[in-house]
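Structure, as structure tokens:
There are 2 protein chains.
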Amino acid sequence: MLSYSFSDNKSIPLYEQLYQKIKNDIMSGELPADSNLPSKRSLAKNLSISVITVENSYNQLLAEGYIYSLPRKGFYVSDILRTSGIQDGSGVSRNPNNKATTLSPTQRQKPQWFVDFTSNANETTSFPFSNWAKLNRKILSEEQELLMTNSPSNGLLELRAAIANYLHGFRGISVNPDNIIIGAGTETIISILIQLLGYDLIYACEDPGYEKVSLIFDANNVRNVRIPVDEQGVIIDELSNKSVDIIHSTPSHHFPTGITMPIKRRYELLNWAMKNDSTEAQSGLHNSKYIIEDDYDSEFRFTGLPIPSLFSIDNNERVIYMNTFTKSLASTIRISYMVLPDHLMDEYRKKLSFYSCPVSTFEQLTLARFISEGYYEKHINRMRTASRKKRDLLLRVIRNSSIATISEISEEQAGLHFILKLNMKMSDDSFIKKCRESGINITAISTHSFMFNYSSIPLNRIEEAVVRINRSIS
Amino acid sequence: MLSYSFSDNKSIPLYEQLYQKIKNDIMSGELPADSNLPSKRSLAKNLSISVITVENSYNQLLAEGYIYSLPRKGFYVSDILRTSGIQDGSGVSRNPNNKATTLSPTQRQKPQWFVDFTSNANETTSFPFSNWAKLNRKILSEEQELLMTNSPSNGLLELRAAIANYLHGFRGISVNPDNIIIGAGTETIISILIQLLGYDLIYACEDPGYEKVSLIFDANNVRNVRIPVDEQGVIIDELSNKSVDIIHSTPSHHFPTGITMPIKRRYELLNWAMKNDSTEAQSGLHNSKYIIEDDYDSEFRFTGLPIPSLFSIDNNERVIYMNTFTKSLASTIRISYMVLPDHLMDEYRKKLSFYSCPVSTFEQLTLARFISEGYYEKHINRMRTASRKKRDLLLRVIRNSSIATISEISEEQAGLHFILKLNMKMSDDSFIKKCRESGINITAISTHSFMFNYSSIPLNRIEEAVVRINRSIS
Chain A
-14 MLSYSFSDNK SIPLYEQLYQ KIKNDIMSGE LPADSNLPSK RSLAKNLSIS
36 VITVENSYNQ LLAEGYIYSL PRKGFYVSDI LRTSGIQDGS GVSRNPNNKA
86 TTLSPTQRQK PQWFVDFTSN ANETTSFPFS NWAKLNRKIL SEEQELLMTN
136 SPSNGLLELR AAIANYLHGF RGISVNPDNI IIGAGTETII SILIQLLGYD
186 LIYACEDPGY EKVSLIFDAN NVRNVRIPVD EQGVIIDELS NKSVDIIHST
236 PSHHFPTGIT MPIKRRYELL NWAMKNDSTE AQSGLHNSKY IIEDDYDSEF
286 RFTGLPIPSL FSIDNNERVI YMNTFTKSLA STIRISYMVL PDHLMDEYRK
336 KLSFYSCPVS TFEQLTLARF ISEGYYEKHI NRMRTASRKK RDLLLRVIRN
386 SSIATISEIS EEQAGLHFIL KLNMKMSDDS FIKKCRESGI NITAISTHSF
436 MFNYSSIPLN RIEEAVVRIN RSIS
Chain B
-14 MLSYSFSDNK SIPLYEQLYQ KIKNDIMSGE LPADSNLPSK RSLAKNLSIS
36 VITVENSYNQ LLAEGYIYSL PRKGFYVSDI LRTSGIQDGS GVSRNPNNKA
86 TTLSPTQRQK PQWFVDFTSN ANETTSFPFS NWAKLNRKIL SEEQELLMTN
136 SPSNGLLELR AAIANYLHGF RGISVNPDNI IIGAGTETII SILIQLLGYD
186 LIYACEDPGY EKVSLIFDAN NVRNVRIPVD EQGVIIDELS NKSVDIIHST
236 PSHHFPTGIT MPIKRRYELL NWAMKNDSTE AQSGLHNSKY IIEDDYDSEF
286 RFTGLPIPSL FSIDNNERVI YMNTFTKSLA STIRISYMVL PDHLMDEYRK
336 KLSFYSCPVS TFEQLTLARF ISEGYYEKHI NRMRTASRKK RDLLLRVIRN
386 SSIATISEIS EEQAGLHFIL KLNMKMSDDS FIKKCRESGI NITAISTHSF
436 MFNYSSIPLN RIEEAVVRIN RSIS
């Protein structure tokens, strides 16, 4: 008969102690495979504990497969395969003092730089915290049923409708909310697109361009090429030369050079997408090409009207429009979206609508109200003014500093960044290194050309930043 | 000289009207390619408007590529490629009365069913709205800097630390928070895993099993097979027969049958993953196999201790643990996670850490506090009690109803669902149809076996639901 003594530690229930002891004996071989365990009643009597306690232990051992039962015969030890690497499988500890790896949960990612021109983050002060909090509170108290309802695969209707109205009013794009798909950042949007369009196609991005897109193509295991851009944008002949099927493009404000694709090139690009010059016979969905129009910072054009989108001049369902709130609202709120032409939306419904929308209903609804109640428009206006102020100050300070004579600044009319070319003898590597040593994070996009993202820079650090940049040049 | 008259409508700025008129003339051919436009000064004089107005219009036309300028010569009309499909590219409308497609943004997805046994949603009343709102409010007022800081690719440290502590205390799993990757639901977790492990492998899921996983494999373009389960779980020989590299499994509570994989089969499964029986020489990362352990509802075991995870008895870095808050908290909050073995985490850092975490920092931080301040544990306990109550009532009502004699219920000890087998003559299709006609949504997992997800069912509808089910059988 098994004989065990129990610990006085009241925090571990008796049945758990018994379970653990029997299991240890099974794992150590003390109780060999197929040996008969005492009946619940007799073990309880023997150990002076209740039958219920033994029953609970046996049930747990049964559930985990350490023992098995035969009808009207009782309980037996299982023949557990002993691999060389076996460790005690218990693992289950209810002891609250038995802490996991020591760590401080409040350990934070502190900003590392005095200013970081490589960051697309927004300044803390630019986020509309009080309005966001107000909407949040309201929704959490008034919309509990909606918050617990799974949104359709392509996102909450209320958010899609708000986006459609916004696109219409401020971007001149008329879309049906049913054609909008909500995603959690560029990553999820592009992954979904690849799953929708196919893995056997040749994808392309602009060169120079948004580096992340080609990384996403690579990670998703699709062939992809880079298409050089000239001063009007992506070079059309290169698309044909490289047999591209899908091109990711930033026509309104090329990333990173800031070029706006002129209307002529836009029509050339649309025309390219209409051609079916594939040598292989293709059919159905993929008998023509697609343009992914990434309109990532169209809200931040500082002069003139926003540029009409490719999407709005496409009559042949060749353009997939995508945009994001990560630039205009906060990079830490992961909401972006794409607009699919009808035939692709049908395809999405057939193939991919089993997916859950990756964005929580809570944030979808908050953003929907934020847009439809007019806060988003006000926020954009405020952001635009603040960004223009930063840009103007930054440019003025650069132009009044000693590096002015060797500086060429391009495309400062739009977006949240510009390119500064420094005609210097110093190598880019040592310049970047010296900048970083003085707390200025900066990156080159080509020889002597540096990207200045200024959205995260506090206005009052701009002068000092330029002083440090000046000092870094030798 | 161009001659235009302007509308009295003060809501459209003059420069925009002029821009529009010139553009229309360009698009219609009235102004042919390469024709010279009047100088700004002379056009302004001619139209009795300011030079600034003309300049703004020209700048917009320039920016969009409708015209070009030659130094010291002036402005010329671009040669815009005219495709057959050209439409007016303007699209930009600032007229607030010009509404997009009519739609009611408040149109809602109303619950369609009296009760829906197919839904994994949670009852509205089960979500801890007041605590969640309290934490939300606190974070939005006190943690603004952190909220605007991009979280690492694998998620906010504070959330990963809270999960690690939770896993340790309640699931007996010791993990380093650095090995945790936060995702937005099973979809994003499995997509990332495929990108990490490779596209040339054979993936597998259990049969019967979690249908969505094989859909995700298909959508991600990887070969995948189904591995039958017997009464102990996945059949090991079938894994070898089908040359499986990666198996998705639910050992703690097989979906949907509810089987708990016994410890013997667990070690057999781990042993399978150690074997390198591929006929092709493989190297590096993929010289062995992996098990994706989906522990999706381990919180809802009603009797005994939770089953130790495969992950906790794996000494050879073969198990990837995944779990989700979509079951335990709310299906509308899209937060899930996986724990990678060290060597895979290294690989993730090298290959995929360029990704942004798909979950917003706001929700990551709220959930982190929700867990670390003890609310999650309390919530789980409350949910467990509520679920047990529902399950007990549902089972009691079924057993007291006239279908009791033809009913077999399996695996009611765990999770948020059970399987009801109805030994009836009626076809499953007509039974399901009749149930649906009476407002009961239900689905079959195999002949005469129906899945009862009860998490979304209000307690007070259970009796009526069973009455309607009884009536549907003929």
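Chains as they are written, first to last, in the numbering used here: chain A, -14 to 459; chain B, -14 to 459.
Virtual Cβ for every residue (Gly too), placed ideally from N, Cα, C.
This one's a predicted model, so the numbers in the text were calculated from it and none came from an experiment.
Kindly list, in the order they appear in chain B, the residues whose Cβ is closer than 7 Å to that of residue i.
i, result
"phenylalanine 339 of chain A", "Lys197 and Leu200"
"serine 316 of chain A", "Asn135"
Count the other CB atoms, across all protein chains shown, that sit within 10 Å of the CB of residue i; report buried if there are 16 or more and exposed otherwise.
i, result
"alanine 389 of chain B", "exposed"
"glutamine 97 of chain B", "exposed"
"asparagine 41 of chain B", "buried"
"threonine 110 of chain A", "exposed"
"isoleucine 318 of chain B", "buried"
"asparagine 83 of chain B", "Here asparagine 83 of chain B scores only 34 on pLDDT, less than 50, and its place in the model is too uncertain to base an answer on."
"serine 440 of chain B", "buried"
"glutamine 326 of chain B", "Reading off the sequence shown, one finds proline at residue 326 of chain B, where the question assumed glutamine. Its Cβ being crowded by 16 or more others within 10 Å, proline 326 of chain B is buried."
"arginine 26 of chain B", "exposed"
"isoleucine 232 of chain B", "buried"
"phenylalanine 296 of chain A", "buried"
"lysine 375 of chain A", "buried"
"asparagine 300 of chain B", "exposed"
When the distance is taken between beta carbons, is residue j closer than 7 Å to residue i?
i, j, result
"isoleucine 430 of chain A", "alanine 450 of chain A", "no"
"isoleucine 248 of chain A", "glycine 59 of chain B", "no"
"aspartate 282 of chain A", "asparagine 308 of chain A", "no"
"alanine 149 of chain B", "proline 162 of chain B", "yes"
"leucine 352 of chain A", "leucine 46 of chain A", "no"
"asparagine 105 of chain A", "serine 316 of chain A", "yes"
"isoleucine 473 of chain B", "serine 294 of chain B", "Residue numbering for chain B in the displayed model covers -14 to 459; residue 473 of chain B lies beyond these limits and cannot be assessed."
"valine 324 of chain A", "asparagine 107 of chain A", "no"
"alanine 48 of chain B", "threonine 245 of chain A", "yes"
"isoleucine 124 of chain A", "leucine 405 of chain A", "no"
"proline -2 of chain A", "histidine 364 of chain A", "no"
"tyrosine 333 of chain A", "isoleucine 305 of chain A", "no"
"serine 188 of chain A", "asparagine 209 of chain A", "In the sequence as displayed, the identity of residue 188 of chain A is tyrosine instead of serine. Yes. Within cutoff."
"alanine 258 of chain B", "arginine 303 of chain B", "yes"
"asparagine 121 of chain A", "asparagine 44 of chain B", "no"
"valine 39 of chain A", "leucine 55 of chain A", "no"
"serine 386 of chain B", "asparagine 455 of chain B", "yes"
Which chain B residues are close to residue i, counting only those with a beta carbon under 8 Å from its beta carbon?
i, result
"alanine 429 of chain A", "What alanine 429 of chain A touches in chain B: nothing, since even the nearest Cβ is about 18 Å away."
"glycine 170 of chain A", "Ser341 and Pro343"
Give me the chain A residues within the contact set of residue i, using Cβ-Cβ distance strictly less than 8 Å, ordered along the chain.
i, result
"tryptophan 117 of chain B", "Leu125"
"asparagine 164 of chain B", "Per Cβ cutoff of 8 Å: no residues; asparagine 164 of chain B is ~10 Å from chain A at best."
"alanine 106 of chain B", "Met133, Thr134 and Asn135"
"glutamine 2 of chain B", "The premise fails here: glutamine 2 of chain B is roughly 12 Å from chain A at the closest Cβ pair, so nothing lies under 8 Å."
In chain A, which residues lie with their C-beta within 9 Å of the C-beta of residue i?
i, result
"isoleucine 388 of chain B", "Result: empty, since nearest Cβ-Cβ is about 27 Å, beyond 9 Å."
What does residue i touch in chain A if you count any residue whose Cβ is under 7 Å from its own?
i, result
"aspartate 64 of chain B", "Lys249"
"tyrosine 184 of chain B", "Asn206"
"arginine 122 of chain B", "Ala118 and Arg122"
Would you say residue i reaches chain C, if we count a Cβ-Cβ gap shorter than 7 Å as a contact?
i, result
"phenylalanine 99 of chain A", "Of the protein chains in the structure, A and B, none is chain C."
Along chain B, in chain order, which residues have C-beta atoms closer than 9 Å to that of residue i?
i, result
"glycine 243 of chain A", "The contacting residues do not exist; glycine 243 of chain A stays about 11 Å from chain B at best."
*Jot down the residue ranges of each uninterrupted alpha helix (DSSP H) in the segment 1 to 55 of chain B, minimum 4 residues, whole runs only, in chain order.*
25 to 32 and 36 to 49
_the segment 377 to 394 of chain A in contact with the segment 158 to 174 of chain A per 3-pair CB rule at 8 Å_ = no
_Segment contact flag, the segment 338 to 346 of chain A with the segment 186 to 199 of chain A, C-beta cutoff 8 Å, min 3 pairs_ = no
*asked:* Would you call the segment 238 to 258 of chain B in contact with the segment 214 to 222 of chain B, where contact means no fewer than 3 C-beta pairs closer than 8 Å?
replied: yes
*asked:* List, from N- to C-terminal side, the alpha helix (DSSP H) runs of 4 residues or more that fit wholly inside the segment 277 to 302 of chain A.
replied: none
_Stretch-stretch touch, CB-based, cutoff 8 Å, three pairs: the segment -1 to 7 of chain B with the segment 442 to 456 of chain A_ = no
*Should the segment 364 to 374 of chain B be regarded as contacting the segment 177 to 195 of chain B, the criterion being three or more beta carbon pairs within less than 8 Å?*
no
_Could you tell me which whole alpha helix (DSSP H) segments of length 4 or greater appear in the segment 135 to 163 of chain A?_
142 to 156
_At 4 residues or longer, what runs of the alpha helix (DSSP H) sit wholly inside the segment 207 to 233 of chain B?_
221 to 226
_Completely contained alpha helix (DSSP H) runs for the segment 309 to 340 of chain B, where each covers 4 or more residues_ = 327 to 337
*asked:* Just to confirm the assignment: which complete beta strand (DSSP E) runs, minimum length 3, are found wholly within the segment 379 to 448 of chain A?
replied: 392 to 395, 402 to 407, 428 to 431 and 434 to 438
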